[in-house]
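Heads up: the protein sequence lines correspond to chains S and W, in order.
The opening position of the first sequence corresponds to residue 13 in my numbering, with each subsequent residue numbered one higher.
The opening position of the second sequence corresponds to residue 284 in my numbering, with each subsequent residue numbered one higher.
Beta carbons are placed, not taken as given, at the ideal position from N, Cα and C, and that holds for glycine.
Here's the structure we're looking at; comments come further down.
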Amino acid sequence: MTLAEILTSMFPDGHDVTVQDGLVSGTGPFADGRITLVGIDGDTPLGVDGALRLSRSVLDAIRAGDRAPILVAVDSDSQRMSRRDELLGLNECLAHLAKALLLADRSGHPTIGLIYGHSAAGAFIATALATRVLAALPGANPSVMDLPSVARVTKLPLDKLNDMAKTTPVFAPGLDNMVATGAVHVVLDSEKPLPRQIRDLIADLEPGDVRDRLGAERGGRPAAHDVARAVIDQAGRR
Amino acid sequence: MAGDRSARTDPDTLSWYEATARQRVTALADPSSVREFLPPTERRMSPHLPLFDLPRAFDDGIVVGEATLDGAPVLIAAQEGRFMGGAFGEIHGAKLVGLLRVALELKPKAVLILFDTGGVRLQEANAGETAIAETMRAIVDVRAAGIPVIGLIGGRAGCYGGGGLIAGTCSRLAVSEGGRISVSGPEVIETNKGAEEFDSRDRALVWRTMGGKHRRLTGGADAFCADTVSAFRRAALDLIGRAPAFDLDTLEAEQARLEDRIARFGDCHDATDVWRRLGVNDPEAVPAMDTDAFDAIVARVGEMDHDAR
């Protein structure tokens with residue numbers, strides 16, 4: 013789905029969502045109230061300026077105090093890779109955006125990620141992965157790094173990586189693999205209206221972070237849940 | 284947990300940069316106070332690295348445990364930059380996540396994270412990336428419970444990629460000259476954008492742009508340490524005592540702080556331009572300054588201390 017199609021499905025009666033420089037923000041009617049929308053469109057990389065504009069929108073939503081849900085819609089590139097961004101502290105700006113979303117969740121705003129295109133690396137962590145529940149639309153393509161880049165860094169032949177990618181979800185790009193690791197909770201049905209599906213996600217929100225459990229159940233992250241559990245057990249044993 | 288050699292290491296002379304993760308933990312904490320969780324004897328190794336014909340480590344490159352610091356209980360995680368560049372794999376990340384989650388039950392005086400990481404371990408990229416997201420959520424939960432999470436950065440791998448984002452989630456950061464904090468590493472920028480954008484072989488450029496002095500001068504870190512374990516210990520104790528709350532006021536202050544930084548320095552090409560604008564008289568001299576001289580600069584400029592993190 014495109015952002016326009018998402019907006020049409022989410023807000024058949026209209027909305028005030030705007031897109032500027034690939035940054036999405038605004039609100040629309042939802043359930044008995046409103047929903048705040050922030051996001052990134054058009055495979056746009058996320059730099060210091062964009063991160064702070066999105067975090068401003070999130071903090072404003074928290075300040076409003078209405079506990080309205082926040083939908084984080086993402087079709088982004090990775091973090092913006094530049095000397096200027098790193099000089100200005102990109103790590104702080106991306107972390108600040110993630111913290112704003114995590115604070116919103118703690119403050120009673122259900123936060124829902126919606127990945128409908130690409131996203132990668134720091135941009136993915138600062139946006140969609142900082143929500144309470146992350147949904148994807150079919151065709152979404154999250155990744156950490158594309159395979160040619162992985163080949164360069166790992167010094168493995170691309171052919172071999174392509175073969176391995178078919179059977180090894182833990183490193184390969186793509187939606188199925190991110191579902192298997194538990195990072196993406198659920199894939200929505202693009203044929204059905206989105207508001208009902210989003211409402212169901214909010215109604216079914218579980219306390220805590222369930223991603224490592226999902227990763228174990230789905231087989232994409234076989235060990236993480238047990239290891240975290242084992243640390244907790246040993247720490248409690250005096 | 285520690286061998287005889289590391290138990291004898293002198294915190295006053297032990298170089299943080301050169302030390303292993305276990306040496307840092309042992310020398311940082313009160314003597315004989317460390318108890319490690321999932322120690323190497325349990326051989327919790329990566330299930331994925333053999334697919335890539337790569338060697339594994341019994342601890343997957345991270346030490347997690349409890350200790351005391353000046354008599355107070357703390358939880359400690361230390362990444363081993365010598366193994367896979369300290370990168371986040373599935374086990375590595377899960378050990379850190381588990382440590383942070385149990386902090387909510389144990390309520391230590393602080394959680395210390397000794398960063399030494401290139402970011403996500405690409406051979407386990409999806410697991411590593413997800414673990415970083417889980418770590419950030421867990422840090423926020425710990426901070427919101429009133430427990431400071433302090434990052435110490437001075438290892439040979441620096442603090443890159445998702446490690447940089449985790450660092451930005453901590454309550455306070457101490458950094459040494461050798462500590463670099465960044466998202467995209469020099470090689471990554473050069474590979475994607477060309478050597479004109481960032482020449483990764485220009486090490487002086489790397490240190491100026493991402494190094495501990497620049498981060499301290501611009502408020503990206505809260506303390507600057509000499510490269511010894513004692514210096515990091517003193518910094519950790521100091522920072523634990525003045526950790527900001529995790530709430531809307533703190534994040535509003537951080538929003539203003541970061542917006543102000545971009546408004547003031549957004550057109551600067553080089554770190555030395557930023558330092559000059561901050562009022563540093565001889566910015567070209569900053570990289571070679573020793574800790575005392577640099578501390579004097581920090582004290583004189585005097586605007587990088589804040590609670591906005």
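Notebook entry, point to check: Would the beta-carbon of W/ALA370 fall within 7 Å of that of W/GLY348?
Noted result: Cβ distance not < 7 Å, so W/ALA370 and W/GLY348 don't count as in contact.
Notebook entry, point to check: Which residues bound the alpha helix (DSSP H) around W/VAL471?
Noted result: First-last of the alpha helix (DSSP H) with W/VAL471: 469 to 476.
Item checked: Neighbourhood of S/LEU173 by C-beta distance below 7 Å, restricted to the same chain and skipping five residues each side -> LEU159, VAL162, ALA163, listed in sequence order.
Notebook entry, point to check: When the Cα atoms are used, what is the spatial distance from S/VAL199 to S/LEU213?
Noted result: When rounded, the distance between both Cα atoms is 11 Å.
Check: To the nearest angstrom, how far is it from the Cα of W/PHE548 to the Cα of W/ALA554?
Finding: Using only the alpha carbons, I get a separation of about 9 Å.
Item checked: DSSP-derived helix/strand/coil call for W/PHE613 -> Residue 613 of chain W cannot be examined here, being either before or after the span of chain W that is shown, 284 to 592.
Notebook entry, point to check: Going straight from the alpha carbon of W/ALA582 to that of S/VAL196, what length do you get?
Noted result: Cα to Cα, the separation comes out at about 46 Å.
Next item on the list: Go ahead and pull the three-state DSSP assignment for W/ARG318.
Entry: Look at W/ARG318 here: in three-state DSSP terms it is strand.
Next item on the list: In the DSSP assignment, find the unbroken alpha helix (DSSP H) run with S/ALA85 in it and report its ends.
Entry: Where S/ALA85 is concerned, there is no enclosing alpha helix (DSSP H), although the beta strand (DSSP E) it sits in stretches over 82 to 91.
Checklist line | W/GLY445 at chain S interface by Cβ criterion, 7 Å | finding: Closer than 7 Å to the CB of W/GLY445 there is at least one CB belonging to chain S.
Check: Can you give the beta carbon distance from W/LEU358 to W/PRO391, rounded, assuming they're within the 8 Å contact cut?
Finding: Contact holds; Cβ gap of about 5 Å.
Next item on the list: Would you kindly check if the distance between the Cβ of S/VAL36 and the Cβ of S/ASP53 is under 7 Å?
Entry: Closer than 7 Å, so yes.
Checklist line | Chain-order list of residues whose beta-carbon lies under 7 Å from that of W/ALA377 (same chain, five-residue window excluded) | finding: Excluding sequence neighbours, W/ALA377 sits near ALA414.
Margin query: Can you find the residues in the same chain that come closer than 8 Å, C-beta to C-beta, to W/PRO294, ignoring five residues on each side of it along the sequence?
Written below: Close CB contacts of W/PRO294 within its chain, under the 8 Å cut and outside five residues either way in sequence, are with ALA310, LEU311, THR511, VAL512, SER513, ARG516 (chain order).
Check: Is the shortest distance between the beta-carbon of S/GLN32 and the beta-carbons of chain W less than 7 Å?
Finding: Judged by the 7 Å Cβ criterion, S/GLN32 is not in contact with chain W.
Item checked: Meets three-Cβ-pair contact criterion under 8 Å: the region 419 to 429 of chain W and the region 186 to 195 of chain S -> Contact annotation: the region 419 to 429 of chain W does not touch the region 186 to 195 of chain S, with fewer than three C-beta pairs closer than 8 Å.
Check: Per DSSP, W/CYS442 is paired with what?
Finding: Answer is W/THR400, W/ILE464.
Next item on the list: Compare the C-beta of S/ILE137 with all C-beta atoms of chain W and state if any pair is closer than 7 Å.
Entry: The Cβ of S/ILE137 sits closer than 7 Å to at least one Cβ of chain W.
Checklist line | Separation of W/PHE529 from W/VAL425, as counted between CA atoms | finding: The straight-line gap from Cα to Cα measures roughly 9 Å.
Margin query: Rounded to whole angstroms, what is the Cα-Cα separation between W/ASP588 and W/ASP573?
Written below: Using only the alpha carbons, I get a separation of about 20 Å.
Item checked: Entirely enclosed beta strand (DSSP E) segments - the region 137 to 163 of chain S, minimum 3 residues -> Runs found: 145 to 148, 153 to 155.
Check: Along the chain, which unbroken stretches of the alpha helix (DSSP H) at least 4 residues long are found entirely within the region 40 to 81 of chain S?
Finding: Taking only runs of at least 4 residues, the alpha helix (DSSP H) segments lying wholly in the region 40 to 81 of chain S are 60 to 76.
Notebook entry, point to check: Helix, strand or coil: how does DSSP classify W/PRO356 here?
Noted result: Shown here, W/PRO356 sits in a strand according to DSSP, grouped into three states.
Notebook entry, point to check: Beta-carbon of S/GLN246 versus every beta-carbon of chain W: anything under 7 Å?
Noted result: True, the Cβ-Cβ gap to chain W drops below 7 Å.
Check: Given that S/GLU104 touches chain C, what residues does it touch there, using C-beta distances under 7 Å?
Finding: Note that chain C does not occur in the displayed structure, where the protein chains are S and W.
Check: Exposed or buried, which one is W/GLY286 when buried takes at least 16 other CB atoms within 10 Å?
Finding: Here the model assigns W/GLY286 a pLDDT of 46, short of 50, so the residue's position is not dependable, and the following value carries that caveat. W/GLY286 comes out exposed.
Next item on the list: Report the residue from W/VAL489, W/SER454, W/THR474 whose alpha carbon sits nearest the alpha carbon of W/GLY462.
Entry: Of the candidates W/VAL489, W/SER454, W/THR474, the one whose C-alpha sits nearest the C-alpha of W/GLY462 is W/VAL489.
Note to self: Please list, in chain order, the chain W residues whose beta carbon lies closer than 8 Å to that of S/ASN153.
What the structure shows: What S/ASN153 touches in chain W: nothing, since even the nearest Cβ is about 13 Å away.
Next item on the list: Between the Cα of S/VAL112 and those of W/VAL423, W/THR292, W/VAL394, W/GLY381, spot the shortest distance and give me the residue it belongs to.
Entry: Residue identity check: residue 112 of chain S is Ala in the sequence provided, not Val. Measuring from the Cα of S/ALA112, the nearest candidate turns out to be W/VAL423.
Checklist line | Whole-angstrom C-beta distance between W/GLU407 and S/PHE23, which should lie under 8 Å | finding: A Cβ-Cβ separation of about 39 Å leaves S/PHE23 out of contact with W/GLU407 under the 8 Å criterion.
Check: What are the complete alpha helix (DSSP H) segments, minimum 4 residues, inside the region 167 to 230 of chain S?
Finding: For the region 167 to 230 of chain S, whole alpha helix (DSSP H) runs of length 4 or above, ordered along the chain, are 170 to 179, 187 to 192, 206 to 215, 223 to 230.
Item checked: Which listed residue (S/MET157, S/PRO234, S/CYS105, S/THR48) has its alpha carbon closest to that of S/LEU58 -> When each option's Cα is compared against that of S/LEU58, the closest is S/CYS105.
Note to self: How far does the beta strand (DSSP E) with W/VAL458 in it extend, from its first residue to its last?
What the structure shows: Taken as a continuous stretch (DSSP letters only), the beta strand (DSSP E) holding W/VAL458 covers 455 to 459.
Note to self: I want to see whether chain S comes within less than 7 Å of W/THR413, judged by CB atoms only; does it?
What the structure shows: It does; some Cβ of chain S falls within 7 Å.
Note to self: Beta-carbon within less than 6 Å of S/THR123's beta-carbon, same chain only, minus the 5 sequence neighbours each way: which residues are those?
What the structure shows: The residues are ILE82, LEU113, ALA116, ASP117, THR143, ARG144.
Note to self: Helix, strand or coil for W/ILE430? Go by DSSP, reduced to three states.
What the structure shows: Look at W/ILE430 here: in three-state DSSP terms it is coil, with no helix or strand label.
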